[in-house]
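See structure below.
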Amino acid sequence: MAEFLLKNLGDGNDLFPSSILIRHFFGDIDALLPQVTSLLSLSHPNIVYYLCGFADEEKKECFLVMELMSKSLGTHVKEVCGPRRKNTLSSRSRLI
Numbered sequence: 178m179a180e181f182l183l184k185n186l187g188d189g190n191d192l193f194p195s196s197i198l199i200r201h202f203f204g205d206i207d208a209l210l211p212q213v214t215s216l217l218s219l220s221h222p223n224i225v226y227y228l229c230g231f232a233d234e235e236k237k238e239c240f241l242v243m244e245l246m247s248k249s250l251g252t253h254v255k256e257v258c259g260p261r262r263k264n265t266l267s268s269r270s271r272l273i
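When we follow the numbering used here, the leftmost residue of the sequence shown carries the number 178, and every step to the right adds one.
Below, the structure is given as structure tokens:
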């Protein structure tokens, strides 16, 4: 199970965003560590940046700190791709 917390960190800068999202996991930490390690190693302009991750093994909790995006992936795809075009059978047969 996971919970989310939203925190503001001042004005932000090029390296660190001003708003972050903290994802809070409960349960088996050992099962999460390989996935957390993979997420923290990602570096791509189209992937949310994970700032850090830490765990408390006694309480069986894990935290992931990530940048807060200004919009959802679905909203971004709609803006970039626009409305879907429906091809009719006649237009497909013209391509063949």
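Built from N, CA and C at the ideal position, the CB exists for glycine as well.
Computed from a predicted model, the values in this text were never measured in an experiment.
* To do: Using three-state DSSP, classify Val242 as helix, strand or coil.
  => Indexing the sequence shown from 1 puts residue 242 at position 65. Here Val242 sits in strand by DSSP.
* Asked: Do Ile199 and Glu238 have their C-beta atoms within less than 9 Å of each other?
  -> Start at 1 with the first residue of the sequence shown, and residue 199 comes out as number 22. Start at 1 with the first residue of the sequence shown, and residue 238 comes out as number 61. No, the Cβ-Cβ distance between Ile199 and Glu238 is not below 9 Å.
* Asked: Can you give the Cα-Cα distance for Phe240 and Val257, rounded to whole angstroms?
  -> Counted from its first residue, the sequence shown places residue 240 at position 63. Counted from its first residue, the sequence shown places residue 257 at position 80. If you draw a straight line from the Cα of Phe240 to the Cα of Val257, it is about 32 Å long.
* Got a sec? Which residues, its chain only, sit under 6 Å from Cys229 by beta carbon, not counting five neighbours each side? -> Start at 1 with the first residue of the sequence shown, and residue 229 comes out as number 52. Within the same chain, Cys229 has close Cβ partners Val242.
* To do: Report the three-state DSSP secondary structure of Ser196 (helix, strand or coil).
  => On the sequence shown, residue 196 is found 19 positions in, with the first residue counted as 1. If DSSP states are grouped into helix, strand and coil, Ser196 belongs with the strands.
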